[in-house]
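2 protein chains.
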Amino acid sequence: MRTQAPCLSIGFLATTTGRLFTRLMEQKLKPAGMRAGQIPVFLALGKGEILNQKYLAEFAGIEQPGMATLLARMERDGLIERETDPNDKRVSQIRLTPDGLMKGQKIIPIMEEASKEAFKGFTPLERDILITLLERMSSSLERCL
Amino acid sequence: MRTQAPCLSIGFLATTTGRLFTRLMEQKLKPAGMRAGQIPVFLALGKGEILNQKYLAEFAGIEQPGMATLLARMERDGLIERETDPNDKRVSQIRLTPDGLMKGQKIIPIMEEASKEAFKGFTPLERDILITLLERMSSSLERCL
DNA sequence: ACTAAATACATAGCATGTTATGTATTTTAT
DNA sequence: ATAAAATACATAACATGCTATGTATTTAGT
Numbered sequence: 036m037r038t039q040a041p042c043l044s045i046g047f048l049a050t051t052t053g054r055l056f057t058r059l060m061e062q063k064l065k066p067a068g069m070r071a072g073q074i075p076v077f078l079a080l081g082k083g084e085i086l087n088q089k090y091l092a093e094f095a096g097i098e099q100p101g102m103a104t105l106l107a108r109m110e111r112d113g114l115i116e117r118e119t120d121p122n123d124k125r126v127s128q129i130r131l132t133p134d135g136l137m138k139g140q141k142i143i144p145i146m147e148e149a150s151k152e153a154f155k156g157f158t159p160l161e162r163d164i165l166i167t168l169l170e171r172m173s174s175s176l177e178r179c180l
Numbered sequence: 036m037r038t039q040a041p042c043l044s045i046g047f048l049a050t051t052t053g054r055l056f057t058r059l060m061e062q063k064l065k066p067a068g069m070r071a072g073q074i075p076v077f078l079a080l081g082k083g084e085i086l087n088q089k090y091l092a093e094f095a096g097i098e099q100p101g102m103a104t105l106l107a108r109m110e111r112d113g114l115i116e117r118e119t120d121p122n123d124k125r126v127s128q129i130r131l132t133p134d135g136l137m138k139g140q141k142i143i144p145i146m147e148e149a150s151k152e153a154f155k156g157f158t159p160l161e162r163d164i165l166i167t168l169l170e171r172m173s174s175s176l177e178r179c180l
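Heads up: the protein sequence lines correspond to chains G and Y, in order. Heads up, the first sequence is in our numbering, so the first residue is 36 and it goes up one at a time. Heads up, the second sequence is in our numbering, so the first residue is 36 and it goes up one at a time.
In structure tokens:
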């Protein structure tokens with residue numbers, strides 16, 4: 036008796052599902068003047084919060100340079116503003132502009148729409164199981180990186 | 036009574052899990068002279084198959100221009116060769132070079148390793164459920180794009 | 001007090017993927 | 001037979017994310 040072969044398609048499935056979801060979000064966000072990568076920033080700053088880049092990178096689950104370039108694009112597009120922290124000149128305090136705040140209000144409804152479509156045909160139980168298993172896999176992967 | 040709120044974190048979870056998996060594969064593939072995006076090409080051509088770009092793009096589940104640039108990089112790095120189909124000069128027949136064939140032999144073992152780590156702590160049943168649910172979500176998303 | 005380490009952010013260079021569009025070539029329809 | 005549609009691939013421009021590295025600024029250690 037031999038060990039059952041692990042499913043090799045999990046990587047393909049995970050990345051593909053992620054990409055498809057991003058594509059769907061892009062479709063919905065673009066007409067509203069937002070992009071998929073900006074979602075965590077809008078979620079974190081949507082109520083007028085003022086946060087620094089390190090926090091935002093951790094919140095978004097990406098590396099610091101990725102957040103740096105994302106924020107540079109968002110600043111270019113007038114969605115965020117930055118101000119050097121007077122207490123620690125290394126830190127820049129980041130917040131949404133009035134335009135950013137206004138646009139950000141549509142994020143949650145759009146996410147709800149997309150999630151509803153992604154979960155089409157799922158029972159609430161299946162939905163919860165998928166979330167739980169994905170969270171566990173995500174943790175496993177983080178641990179071995 | 037109101038409809039239960041759909042889980043909004045599914046998009047984040049899917050994309051994050053995909054990214055983490057890609058990162059893990061990069062760690063394992065780079066020392067072997069391969070990159071994560073090349074996996075489907077190696078899988079499709081690993082036994083000496085000769086296939087065209089359109090087929091490879093569909094197999095990889097990405098758009099045609101993405102495959103075009105991927106193949107350009109792989110050709111640059113001496114992993115694949117292309118030859119115009121004499122029967123239809125629009126088509127280019129693609130195959131792995133000897134070096135590509137040799138490197139490609141390590142793909143499956145590396146995928147097995149990565150899958151084992153991703154599924155750490157999963158029972159076989161949980162594994163199968165995750166696969167099934169991800170496949171269903173992937174199909175749902177494809178349908179509404 | 002002052003050098004060394006740590007921290008926050010920026011930049012460079014790249015891979016991967018997307019949409020939009022261009023260019024041959026082949027097929028279809030009249 | 002030929003103009004029009006379809007097909008296969010390439011290219012441009014961009015977003016997102018990565019690693020590696022640079023640059024201030026702050027904190028710690030002696």
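Every residue gets a Cβ at the ideal spot worked out from N, C-alpha and C, and that includes glycine. Computed from a predicted model, the values in this text were never measured in an experiment.
CA-to-CA distance, residue j to residue i, given in whole angstroms
i         : j         : result
Met172(Y) : Thr50(Y)  : 13 Å
Leu78(Y)  : Glu118(G) : 49 Å
Ile115(G) : Met109(G) : 6 Å
Thr57(G)  : Ile97(G)  : 15 Å
Asn87(Y)  : Ala95(Y)  : 12 Å
Ser127(Y) : Leu136(G) : 49 Å
Asp120(Y) : Lys155(G) : 43 Å
Asp163(G) : Asp163(Y) : 16 Å
Lys89(Y)  : Glu147(Y) : 27 Å
Arg125(G) : Pro41(Y)  : 40 Å
Asn122(G) : Gly113(G) : 25 Å
Gln140(G) : Lys141(Y) : 48 Å
Ile74(G)  : Ser174(G) : 21 Å
Lys82(Y)  : Lys82(G)  : 55 Å
Cβ pair residue i, residue j closer than 9 Å
i         : j         : result
Ile52(G)  : Leu176(Y) : The question names Ile, but residue 52(G) in the sequence shown is Thr. Yes, these two residues count as a Cβ contact at 9 Å.
Glu61(G)  : Cys179(Y) : no
Ser150(G) : Gly72(Y)  : no
Ile143(G) : Leu43(Y)  : yes
Top-ranked residue by Cα proximity to residue i, from the options
i         : options                                    : result
Arg111(G) : Phe154(G), Met69(G), Ile45(G), Leu43(G)    : Met69(G)
Thr104(Y) : Leu43(Y), Ile145(Y), Phe47(Y), Val76(Y)    : Val76(Y)
Pro133(Y) : Gln99(Y), Glu84(Y), Asn122(Y), Met102(Y)   : Glu84(Y)
Pro66(Y)  : Ser174(Y), Phe157(Y), Lys138(Y), Asp163(Y) : Lys138(Y)
Glu170(G) : Leu165(Y), Glu170(Y), Glu93(Y)             : Leu165(Y)
Gly101(G) : Arg54(Y), Asn122(Y), Arg125(Y), Met102(Y)  : Arg54(Y)
Thr158(Y) : Leu168(G), Thr158(G), Asn122(G)            : Leu168(G)
Coarse secondary structure for residue i, derived from DSSP in three states
i         : result
Leu52(Y)  : Checking the sequence, you will find Thr at residue 52(Y) rather than Leu. Helix at Thr52(Y).
Ile85(Y)  : coil
Ser150(Y) : helix
Thr158(G) : coil
Gln99(G)  : helix
Leu180(Y) : coil
Leu105(G) : helix
Ser44(G)  : coil
Leu30(Y)  : This structure does not reach residue 30(Y), given that chain Y is present from 36 up to 180, and the question cannot be answered.
Thr167(G) : helix
Thr132(G) : coil
Arg58(G)  : helix
Arg125(G) : coil
Contact test: residue i Cβ vs the ligand MN heavy atom, cutoff 8 Å
i        : result
Thr52(G) : Of the ligands one can find in the structure shown there are none, so the ligand MN has no counterpart to examine.
CB-CB length for residue i against residue j, believed under 8 Å
i         : j        : result
Ile129(Y) : Leu64(Y) : Not confirmed; about 20 Å, so no contact.
Ala92(Y)  : Gln99(Y) : 5 Å
Leu131(G) : Leu80(G) : 5 Å
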